[in-house]
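So the protein lines, in turn, are chains E and A. Letter by letter, the first sequence follows residues 1 to 376 in my numbering. Letter by letter, the second sequence follows residues 377 to 752 in my numbering. By construction, the Cβ of each residue, glycine as well, lies at the ideal position given by its N, Cα and C atoms. Please read the structure below before turning to the comments.
Number of protein chains: 2
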Amino acid sequence: MRKTAIIAEYNPFHNGHLHQAERARIETDADAVIAVMSAQFTQRGEPAAFDKWSRARAAVQTGAIDLVIELPTRFGVHRADRFASAAVAIAERVRCQTLSFGSESGDISAVTQAAAANIEATPAYQTAFKEALDNGRSSAKASSEAFGSLYPDFDLTLPNNILAYHYAKAATSIELHTIRRLGAGYHDPSVSDVMSATGVRAHYLESGMVRAVPDATRTLFQDNPMAHWSLYWPVLQYKLRTTPKDVLEQLVGIDSSLSPRLIQAGLEPTFEQALARLLTRRYTRTSIQRALVAILIHWRQDELPERFDDVPYIRPLAFNTIGRTVLKDIKKDVPLLSKYHPNLAFEARVTEAYRLPLGNRSLVEHMQTPQFIDSK
Amino acid sequence: MRKTAIIAEYNPFHNGHLHQAERARIETDADAVIAVMSAQFTQRGEPAAFDKWSRARAAVQTGAIDLVIELPTRFGVHRADRFASAAVAIAERVRCQTLSFGSESGDISAVTQAAAANIEATPAYQTAFKEALDNGRSSAKASSEAFGSLYPDFDLTLPNNILAYHYAKAATSIELHTIRRLGAGYHDPSVSDVMSATGVRAHYLESGMVRAVPDATRTLFQDNPMAHWSLYWPVLQYKLRTTPKDVLEQLVGIDSSLSPRLIQAGLEPTFEQALARLLTRRYTRTSIQRALVAILIHWRQDELPERFDDVPYIRPLAFNTIGRTVLKDIKKDVPLLSKYHPNLAFEARVTEAYRLPLGNRSLVEHMQTPQFIDSK
């Protein structure tokens, strides 16, 4: 059985995702297309627009995805290299032959060559990286600057390139494949309207209208409040104003230089005002948002995974008939969690923190099981 | 200058409180009437209907109270003996000559005689108390049963008697005075409508109408949402579902037998359903509510005061011209906090936790200062 993996957030699943999954199935000759999907918070530290169960269901309902596997929060809300390590590890664990991702060029060789060059292992890179840090760059920016100074052929400042590069670095047994992303100048008669996920969310917030998504995603918008950071500001204020400084500094991504700034920002009336106060060259929006995720779920440093290239379990969120066959196929030698298990305690905390400002509509994590969707 | 103290919650200040304060001023020949008032949470572990600054202002606006001093949460959300110790210590610290309180009988001698008997110091009491605990009684109930079996002349199961008794036990330099409480059969032409504070709140929740209160309190109801536990349930759920069991057990009033019950109760959709699940003979409504206060403010056992008969500071919340004279009078040798001070860090946490579901209307604690009200 040929299985192709896609690493995604589906925040939300839109026409571009549909195109990518359908092309990947054809081009890799896949019997099953499996998405490894971020849970309640995205890699860049934002609450996903809709909860993971709903997003997984919508993806399978389109018929383009056969199985959605959770990328646990502890592994997924991190800089690109850790995110990629964990997601690729899951894809390999369920024995996907191919990993398919979107790119501007549609050409895989530039990515694999850049990864093979192994620039980060050179002393020159370490020097350049440290220098950029000393100049007040954020860790992500220092890393891409150091890389660019030594390997100018591949632009590591583009977000899609960063992820592709780290997928290629993390891949051990899986083959890489890329689909050219839809955008200006691209025409496919089956896809008439394409926006990025950010564009879809922004358009909805501004106009109340949902564009460029399949029906399953449209239903998500109709049936649920859309999560975004501003809704969490009262809870974050409560946490920032009631948590002693030394306790804050036990949390992931918060050091003694950030903690007093966070406490001060907790006095701002809105999330955007607080964020504006917090941004510096060193503390980017992404690093601040990840720190706020850590605060919201009280994620202590001692709860960080020991390694990121080995996720201890596979948790299906939604599947169709083909996905069910995949699960039956692998369950003998892969640790598959379909019911609640103590390993999911952290993820359950995440879900409770995520649900709070959304009105607690969905079932608590303990009672959720993967959803079978008869899409094929 | 003759000063009379009243220990109160003013939750909210009603006509009965007005009568008590006015009678106390006359009967004790007081130049100043000073209230020692619970902060954001009451002795029995409930969020006060309105925040302490508003409640203090309303009390002074009536003209019956000249100065309101905060009874800090760390000292005030406790069983009656600790509450009384701390409140009496404050009254004595500001050199009140008299402590006046309400009672059914209007007769002080039964109270002082019962306190002087010092029943709790006898071995017979210890035996009876332990026996009642072993029979599954709550600590409060075991204590009143043991007392009643040895001293039947004074009924320690009546809430007013309990407080009066502990005031008498705690008093060292202050003289006791009592006012007969208004109720059935009592007629004072100046007070036509009297309800208990519980009655006032319940009537408001049921009918939306405010009864039996002076204008200053009526304004509180008009200008603010009324706090009650149900509004805090989403936050409590968040805390109960995201706080590991061992961390819960570090909090005041939560042992390893209560913690799993609390976590289970966190799954209930409403506060009242959760409370109903939690109540037993051993865990009374009061003890559960106090535990919920501890959860809401993350009050660790290591943050308990070392002793309750010595509050480290005096913090005025509101005063009029007479109250200002009192403050000037004592400030040379009493630790008076009128501006923010690190000693108030815990109380600031309490206020932030209290404010959250009320829409954050008031100033943060750090920016609050006592209010002068020109009531006389």
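Suppose the cutoff is 7 angstroms on Cβ atoms and the five residues either side in sequence are ignored; what does the same chain contact list for residue i look like?
i	result
E:Ala146	Tyr125, Ala128, Phe129 and Ala132
E:Ala117	Tyr151
A:Ala491	Tyr541, Ala544 and Lys545
E:Asn161	Phe154 and Asp155
A:Glu723	Ala415, Pro448, Thr449 and Glu741
E:Gln250	Arg300 and Gln301
A:Gln613	Gly642
A:Gln744	Trp429
E:Val88	Leu99, Tyr167, Ala170, Ala171 and Ile174
E:Gln273	none
Using a Cβ-Cβ cutoff of less than 8 angstroms, which residues in the same chain neighbour residue i once the five nearest sequence positions on both sides are dropped?
i	result
E:Pro260	Lys245
A:Ile698	Asp407, Ala408, Asp442, Leu443 and Lys752
E:Ile69	Ile34, Ala35, Val36, Met37, Ile90, Val94, Ile314, Arg315, Pro316 and Leu317
A:Leu539	Ile383, Ala456, Phe459, Ala460 and Phe477
By the 10 Å Cβ neighbour count, where 16 or more other Cβ atoms means buried, how is residue i classified, buried or exposed?
i	result
E:Gln377	As displayed, chain E neither begins before 1 nor continues past 376, which places residue 377 of chain E out of reach and without an answer.
E:Lys169	buried
A:Ser485	exposed
A:Ala573	buried
A:Lys428	buried
A:Arg731	buried
A:Pro718	exposed
E:Asn135	exposed
E:Gln43	buried
A:Gly392	buried
E:Thr172	exposed
E:Ser230	exposed
A:Ala578	exposed
In three-state terms, what does DSSP make of residue i?
i	result
A:Ile484	coil
E:Lys331	coil
E:Ser375	coil
E:Ala8	strand
E:Gly148	helix
E:Phe101	strand
E:Thr219	helix
E:Glu272	helix
E:Val364	coil
A:His393	helix
A:Ala603	coil
A:Ala560	Because the pLDDT at A:Ala560 is just 46, under 50, the model does not fix this residue reliably, and the point stays unresolved.
E:Thr242	helix
A:Ile664	helix
E:Leu174	In the sequence as displayed, the identity of residue 174 of chain E is Ile instead of Leu. DSSP places E:Ile174 in coil when its eight states are reduced to three.
A:Ala353	The structure shown has nothing for residue 353 of chain A, since chain A only spans 377 to 752.
A:Pro448	coil
According to DSSP, which residues form a beta bridge with residue i?
i	result
E:Phe41	E:Pro47
E:Arg300	E:Leu251
E:Phe319	E:Leu67 and E:Phe372
A:Leu712	A:Ile690
E:Leu258	None; E:Leu258 has no bridge partner.
A:Ile555	A:Gly478
E:Lys3	E:Ala32
Is there a C-beta anywhere in chain A that falls below 9 angstroms from the one on residue i?
i	result
E:Leu356	yes
E:Pro342	no
E:Arg74	no
E:Ile297	yes
E:Glu352	yes
E:His14	no
E:His78	no
E:Gln273	no
E:Lys52	no
E:Ala348	yes
E:Pro234	yes
E:Tyr421	Any question about residue 421 of chain E goes unanswered here, given that chain E covers just 1 to 376.
E:Thr369	no
E:Gln377	Look at the range of chain E in this structure, 1 to 376, and you will see that residue 377 of chain E is not part of it.
Grab me the residues of residue i's own chain with a C-beta within less than 6 angstroms of its C-beta, minus the 5 sequence neighbours each way, in chain order.
i	result
A:Ile630	Leu624 and Ala667
A:Tyr608	Pro733
E:Val210	Tyr204, Arg218 and Phe221
With 9 angstroms set as the bound, which would you pick, yes or no: does the beta-carbon of residue i sit closer than that to a beta-carbon of chain E?
i	result
A:Leu643	yes
A:His742	yes
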